[in-house]
Every structure is written in C-alpha cells, then in structure tokens.
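Residue numbers (my numbering): 3 to 86.
In this text, a Cβ means the ideal position worked out from N, Cα and C, and glycines have one as well.
For clarity, every value in this text was computed on a predicted model and none was experimentally measured.
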C-alpha cells in the first residue's frame with residue numbers, strides 16, 4: 003500500500019530527528035534495549051510455534067469427580083465451640 007514511501011532521504015531525516023530527540027549519548031543504550039526486546043520477542047514467538055506443533059504425548063488427565071457436600075443432621079457442625 004505504501005510502496006516505496008520511505009526512501010533514503012526520509013530515513014536520514016528520521017535518523018536526524020531521533021538523534022536530536024535522544025542525544026548521541028543515549029543512542030547506544032536505546033539500540034541495545036531495542037535489540038534485547040526484539041530477541042525476547044523472537045524467542046517467545048519460537049516457543050509459541052513449538053508449543054503449537056508439539057503433539058500431546060500424554061492424554062489430558064480427567065478431573066477428579068467432585069462430590070457435593072451433603073447436609074448433616076448434626077446441628078453442631080458449623081458453630082464455633084463454646085469451650086474457649
């Protein structure tokens with residue numbers, strides 16, 4: 003859609019603006035953090051792809067049947083003891 007919208011002159015102007023905004027001292031740290039973020043992102047994408055491709059070796063464990071609590075005829079259950 004944009005085609006060749008960003009040529010060399012546009013990229014040079016963009017680089018000059020970034021240099022003016024951040025200063026020459028902060029550019030190496032900024033480039034390092036961008037590189038680390040890209041590396042982490044690629045690693046997470048690779049892990050997600052491997053997770054999707056890897057077949058499940060073990061069948062999914064069926065949940066244990068839950069027994070609902072039953073009412074008891076003993077009325078003392080649920081009351082605090084008076085022997086404190």
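Taking a C-beta distance under 8 Å as the contact criterion, residue 43 and residue 32 do not qualify as a contact pair.
About 7 Å separates the CB atoms of residue 21 and residue 29; that is less than 8 Å, so the two are in contact. Per DSSP, the continuous alpha helix (DSSP H) segment holding residue 43 begins and ends at 29-55. Annotation: residue 46 to residue 38 spans about 12 Å, alpha carbon to alpha carbon.
Residue 26 sits in coil when the DSSP states are folded into three classes, being neither helix nor strand.
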